[in-house]
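K.L.:
As numbered in the UniProt record's numbering, residues 1 to 120 make up the sequence shown, in order. Quick one: structure below, then a few questions.
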Amino acid sequence: MATILVVEDTLSELELISNYLRESGYSVIGVTSAKEALNKAIEQKIDAIVTDIVMPGMSGFELCRKLKNNPVTEKLPIIICSSKDQEIDRFWGMKQGAAVYVTKPFTREELVRAVKSVVA
Numbered sequence: 001m002a003t004i005l006v007v008e009d010t011l012s013e014l015e016l017i018s019n020y021l022r023e024s025g026y027s028v029i030g031v032t033s034a035k036e037a038l039n040k041a042i043e044q045k046i047d048a049i050v051t052d053i054v055m056p057g058m059s060g061f062e063l064c065r066k067l068k069n070n071p072v073t074e075k076l077p078i079i080i081c082s083s084k085d086q087e088i089d090r091f092w093g094m095k096q097g098a099a100v101y102v103t104k105p106f107t108r109e110e111l112v113r114a115v116k117s118v119v120a
C-alpha cells in the first residue's frame, strides 16, 4: 500500500483529500504546514505528496523546491492541488518540480487519477 503525504492548511480540505485517498486504498499522513511536510517526507517512507500552494509560513511552491533540492526527497512525486487555476500557476508549479497539477474543486476521480499517475 502506497503512503501519500497530504499537505493542506484547511482542515476540511485535508479531511476530504485524505478520505478520498484512504477509500482508494492508500495510506495517508496528513499535515497542515509545509514545514511539517518537509520533516515527514525526510523521516518516513512516502510514495507521493499532495500539496496546496497557498499556506502560511511556506508555500507549496517553496515546499516543492526544498524537496527537489534534497537528495533524500528529490525523486518524490509531487501533486499540487490548488484553487489557483491560471495557466501561469500550472506552469510555475511544474517549474518547481510538481509532476501533476490538480485544480480545486476536484472530483474524487480526478484526485485518485492524479495519484495513480505518479505512484506505480
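Ideal placement from N, C-alpha and C gives every residue a C-beta, glycine not left out. Given the structure is predicted, the values throughout are model-derived calculations rather than measurements.
Determine, using beta carbons only, whether V115 and V50 come nearer to each other than 8 Å.
P.N.:
The answer is yes: Cβ separation under 8 Å.
K.L.:
Which residue comes first and which comes last in the alpha helix (DSSP H) that contains A41?
P.N.:
Where A41 is concerned, the enclosing alpha helix (DSSP H) stretches over 34-43.
K.L.:
Note down the Cα distance separating A99 from F61, rounded to an integer number of angstroms.
P.N.:
The straight-line gap from Cα to Cα measures roughly 12 Å.
K.L.:
What are the boundary residues of the alpha helix (DSSP H) that includes Y20?
P.N.:
11-23 is the extent of the alpha helix (DSSP H) around Y20.
K.L.:
For S27, name the three-state secondary structure that DSSP assigns.
P.N.:
Strand, per DSSP.
K.L.:
Quick check on this structure: which residue in S83, C64, G57 has the alpha carbon closest to the alpha carbon of A48?
P.N.:
The residue with the shortest Cα to Cα distance from A48 is C64.
K.L.:
Per DSSP, A48 is paired with what?
P.N.:
DSSP, once it has assigned bridges, lists I4 as partnering A48.
K.L.:
Does G30 pass the burial test, meaning 16 or more other C-beta atoms within 10 Å, or should it be called exposed?
P.N.:
Answer is buried; the Cβ neighbour count reaches 16.
K.L.:
Are the stretch 19-26 and the stretch 68-83 touching by the rule of at least three beta carbon pairs closer than 8 Å?
P.N.:
With a cut-off of 8 Å, the stretch 68-83 and the stretch 19-26 do not count as touching, because too few Cβ pairs lie within range.
K.L.:
Hey, D85 and T103 are a contact pair by Cβ (cut 8 Å); roughly how many whole angstroms apart?
P.N.:
That belief holds up - the Cβ atoms of D85 and T103 are roughly 4 Å apart, short of 8 Å.
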